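Quick note on our numbering: the sequence shown kicks off at 227 and runs consecutively.
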Amino acid sequence: MNHLPLRSTDSPARREFIRRLMGMSMAPAMRSVAPGVSVLFAGGAVAAGAPATAASTRAGADYGRLLILIELKGGNDGLNTLVPFADPAYASLRPRIAQRREELVHVSEREGLHPSLAALQPLWQGGELALIRGVGYPRPNLSHFRSIEIWDTASASEQYIAQGWVARAFAAHPVPRTFAADGVVIGNGEAGPLSGGGRVVTLVSTEQFLRQARLAASGRARGGRALEHVLKVEDDITQAASTLGGAGLLKTQMPDGPFGDAVRNAVQVLAGHGNVAALRLTLNGFDTHQNQAGIHANLLRQLGDGLAALKRALIELGRWDSTLIMTYAEFGRRAQENGSNGTDHGTASVHFALGGKVKGGLYGEAPRLDRLDDGNLVHAVDFRSLYATALQRWWGIEPATVLGGRFPPLDLLNT
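Dropping the structure here:
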């Protein structure tokens, strides 16, 4: 792409900003525009700033209901997250890393949460936490890269789709332009389920995002169509900043650690005067091939404490009843521990859904440790049924139009 001339009155910072953007292909992708801040150039049916087509304006999506997706990156060990302590095979398969029954947060006579998730006990007791067991998909792939691609795009194991499943929902049912953004991705440069379309921004911190917005608003340049596209992206950044940047001080204290920081940034976004339809947060580090016990305990403590703080903040903002939080990961871990006091790539795992409208309880099936498939757990719930639940029961979108097939939603929401 040829560089277009810039007016001599532009500031150096402005020229550098335009130069970075104009030197990049306009193909749908995540483009960095400043350290810690990126803009997802739209692709597919609905482009950022482009008028929605007739096919994309079908009514029915209730984006006043917020969806928060939390990726447990690396593949969380479900057996040590929701522990089947009453199954003698559990301790037999894991003589060194099995969790002690007496230390667990018991959720039934046979299962208990890892003690590091103690902060979630009030949500469980209040009926606002659903534990979905055995989540996976047929013919599982044990590659990090490929399996998370399957989860992000809601594809079959042998199917390749370029656009994320949430982005497809936005393309079929556009988010109102009055919203600050369609979605915000926090703490990870990859948009995952939101990739390939819509007005999606990624940020490490809201402060960096606001600084970038001030740069975008520092001047205006005019040129050809390509430059007009860049300027429209700048407008989206500036609009998002103007509505997300009015966050007041909240009383909720956030926990320390990377996930606590991600939750803090998410709350800052929500505390602004604007609105978004979806947030995606990431907690890294779940690829626990060795010395799992301490690493996993720390990660689950961050997750539990962060989710508990997120609930308190959402209550303070008056958003708890209108928010659905769901976890996901590329896979679980093998049932048997390895020789390095860890676990290797596996298949099905447990995932969480929580919110003011969630019907708490156990869903799916307890892991069948006596019926392993080449050492791996057999899935009981297709992960696309979780997505169908969010699409149909939460947003009011027909799941088949997004997922390309019919997957029964789970009855875990009071709607």
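The C-beta atom is built at its ideal place from N, Cα and C for all residues, glycine as well. Values in this document were obtained by computation on a predicted structure and should not be read as measured data.
query	result
Close-in-space but distant-in-sequence residues of the same chain around Thr-553 (CB under 7 angstroms, 5 per side omitted)	Ile-296, Leu-298, His-577, Phe-578
Beta carbon of Val-604 nearer than 8 angstroms to that of Arg-594	yes
Candidates Ala-616, Gly-631, Gly-622: closest to Leu-638 by CA position	Ala-616
Residue closest to Thr-514, alpha-carbon to alpha-carbon, out of Gly-300, Ala-592, Gly-290, Gly-532	Gly-300
For Glu-556 and Leu-644, the rounded distance between their alpha carbons	Look at the range of the chain in this structure, 227 to 641, and you will see that residue 644 is not part of it.
Beta-carbon proximity of Ala-561 to Leu-305, cut-off 8 angstroms	yes
Buried or exposed by the 16-neighbour rule on C-beta atoms within 10 Å, applied to Pro-400	buried
For Val-309, the residue or residues it bridges with in DSSP	Gly-338
Boundaries (first-last residue) of the beta strand (DSSP E) holding Ser-575	575-580
Terminal residues of the beta strand (DSSP E) in which Gln-297 lies	The residue asked about is misnamed: residue 297 is Glu in this sequence, not Gln. Counting along the chain, the beta strand (DSSP E) containing Glu-297 begins and ends at 292-298.
Local Cβ density within 10 Å of Asn-602, reported as buried at 16 or more and exposed below that	buried
Terminal residues of the alpha helix (DSSP H) in which Val-493 lies	484-496
Span of the beta strand (DSSP E) around Arg-506	502-509
Thr-641 burial status per 10 Å Cβ neighbour count (16 or more: buried)	exposed
Burial state of Asp-596 (16 or more Cβ within 10 Å)	exposed
Sub-8 angstroms separation of Ile-294 and Thr-549 beta-carbons	yes
Stretch pair the stretch 382-392 + the stretch 352-371: three plus CB contacts closer than 8 angstroms	yes
For Ser-575, the nearest candidate out of Pro-402, Arg-359, Gly-486, Gly-353 (CA to CA)	Arg-359
Spatial distance of His-340 from Thr-404 (CA atoms)	42 angstroms
Beta-carbon spacing of Ile-412, Ala-504 below 8 angstroms	no
Boundaries (first-last residue) of the alpha helix (DSSP H) holding Ile-323	No alpha helix (DSSP H) holds Ile-323; DSSP gives it neither H nor E.
CB-CB length for Gly-581 against Ile-551, believed under 8 angstroms	6 angstroms
Backbone CA spacing between Ala-388 and Thr-627 [nearest angstrom]	16 angstroms
For Asp-608, three-class secondary structure by DSSP	strand
Collapsed DSSP secondary structure at Ile-387 in the structure displayed	coil
Host beta strand (DSSP E) of Ile-412 (start-end)	407-412
Burial state of Lys-537, where buried means 16 or more other Cβ atoms lie within 10 Å	buried
Beta-carbon spacing of Asn-524, Asn-567 below 8 angstroms	no
Exposure label - Asp-378; buried when at least 16 CB within 10 Å	buried
Proximity to Ala-614 [Cα-Cα], best of His-332, Asp-303, Gly-630, Asp-599	Gly-630
Spatial distance of Leu-476 from Gly-500 (CA atoms)	17 angstroms
Under 8 angstroms between C-beta atoms of Asp-192 and Thr-569	For the chain, the structure presents residues 227 to 641; residue 192 sits outside this window and is missing.
Trp-546 vs Tyr-289 beta-carbon contact at 8 angstroms	no
Val-584 beta carbon near the ligand ATP (any heavy atom closer than 7 angstroms)	What this structure holds is no ligand at all, so the ligand ATP is not there to describe.
Option in Ala-344, Phe-396, Tyr-363, His-522 with minimal Cα separation from Ala-287	Phe-396
Beta-carbon proximity check, Leu-355 vs Val-584, cutoff 8 angstroms	yes
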